[in-house]
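*Asks:* Numbering (our numbering), first residue to last: 571 to 775.
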Amino acid sequence: MRGLRDKVFVVCAGGTGDRQWIGPGIGAAIARRLAAEGAKVVIGDLDEAAAHRTADRIRADGASAVGQHYDAGDEDSTRRLMERAIAEHGAIDGIHFNAMDITAGDIDGQHDLVTLPLDVWRRRLDVGLLGLVFAARYAVPHLLARVAAASSRRRPTRPTWVSRSASPTPRRRPAWARCYATSRRDGVARASGRTRCPPVSCRAR
Ligand SMILES: NC(=O)c1ccc[n+]([C@@H]2O[C@H](COP(=O)([O-])OP(=O)(O)OC[C@H]3O[C@@H](n4cnc5c(N)ncnc54)[C@H](O)[C@@H]3O)[C@@H](O)[C@H]2O)c1
Numbered sequence: 571m572r573g574l575r576d577k578v579f580v581v582c583a584g585g586t587g588d589r590q591w592i593g594p595g596i597g598a599a600i601a602r603r604l605a606a607e608g609a610k611v612v613i614g615d616l617d618e619a620a621a622h623r624t625a626d627r628i629r630a631d632g633a634s635a636v637g638q639h640y641d642a643g644d645e646d647s648t649r650r651l652m653e654r655a656i657a658e659h660g661a662i663d664g665i666h667f668n669a670m671d672i673t674a675g676d677i678d679g680q681h682d683l684v685t686l687p688l689d690v691w692r693r694r695l696d697v698g699l700l701g702l703v704f705a706a707r708y709a710v711p712h713l714l715a716r717v718a719a720a721s722s723r724r725r726p727t728r729p730t731w732v733s734r735s736a737s738p739t740p741r742r743r744p745a746w747a748r749c750y751a752t753s754r755r756d757g758v759a760r761a762s763g764r765t766r767c768p769p770v771s772c773r774a775r
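(1) Does ligand 1 have a heavy atom nearer than 7 Å to the CB of Met652?
(2) Would you tell me roughly how many angstroms separate the C-alpha atoms of Phe704 and Leu574, rounded to the nearest one?
(3) Looking at ligand 1, does it come within less than 7 Å of Ile527, judged from the CB to the closest heavy atom?
(4) If you follow the beta strand (DSSP E) that Ile665 is part of, which residue opens it and which one closes it?
(5) Below 8 Å on the Cβ atoms is my guess for Trp667 versus Leu702; work out the distance and round it to an integer in Å.
(6) Return the chain-ordered list of same chain residues with a C-beta closer than 6 Å to the C-beta of Asp641, the five sequence neighbours on each side being excluded.
(7) On the three-pair Cβ rule with 8 Å, is the stretch 651-668 touching the stretch 622-631?
(8) Hey, would you say the C-beta of Ser735 is under 7 Å away from at least one heavy atom of ligand 1?
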């Protein structure tokens with residue numbers, strides 16, 4: 571993750587939970603790592619206080635970050651998050667999409683494909699699937715503008731990208747899940763003018 575100084579990144583669902591939150595904090599870890607590399611980070615999260623906690627922590631370390639309420643399943647909310655990045659920094663170089671609704675329904679492990687209520691499935695699809703579509707829809711035009719501006723310079727800057735938190739054990743997932751993940755990743759890559767998305771590794775702490 572080099573060459574990120576002054577790049578502008580939006581982290582979708584990068585909040586740092588309080589003690590009650592059980593998630594391991596991949597989004598917040600990504601945001602902190604990007605900031606440590608010199609990037610300017612705009613953090614959205616359904617839990618607004620959690621978004622501000624991550625941003626406060628990054629600013630306390632001397633880097634640039636702002637937090638904002640954001641619901642990945644809501645198109646207007648996604649647009650507002652991207653607009654915040656433009657208002658703060660005038661550009662977007664990359665986004666990391668981390669949102670997944672893991673707060674409802676089967677958190678106790680008691681439900682399965684058959685018994686999980688349909689409204690939980692719908693919310694999960696709205697957040698995890700449509701959320702990525704919304705984020706790409708409002709970010710990709712800005713990413714392409716950056717690529718176009720960079721390619722007109724004598725020494726172009728590194729291209730931009732879209733990434734998404736993914737399972738570290740893809741080979742163990744069923745075939746349909748691998749196909750879905752690959753088509754989603756490649757579709758986003760094509761939309762942003764790349765042939766493939768580079769992997770970004772980050773350890774959650
Ligand atoms: N934790 C794992 O073992 C694991 C494994 C594979 C993939 N993932 C993926 O990583 C991501 C989550 O990472 P994590 O487990 O570290 O969680 P995390 O600690 O990064 O927390 C997820 C964040 O999403 C926020 N959120 C929930 N619903 C939202 C919404 N509608 N809009 C905006 N923000 C919302 C929560 O407030 C929380 O801050 C998910 O996309 C998940 O599919 C996690």
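Beta carbons: idealized from backbone N, C-alpha and C, even for Gly.
*Replies:* Short version:
(1) no
(2) Their backbone Cα atoms lie some 24 Å apart in a straight line.
(3) Residue 527 lies beyond the range of the chain shown here (571 to 775); nothing can be said about it.
(4) 664-667
(5) Looking at the sequence provided, one finds Phe at residue 667 rather than Trp. Between Leu702 and Phe667 the Cβ distance is about 5 Å, and since that is below 8 Å, they are a contact.
(6) Here the set comprises Leu616, Ser647.
(7) no
(8) At least one heavy atom of ligand 1 sits closer than 7 Å to the Cβ of Ser735.
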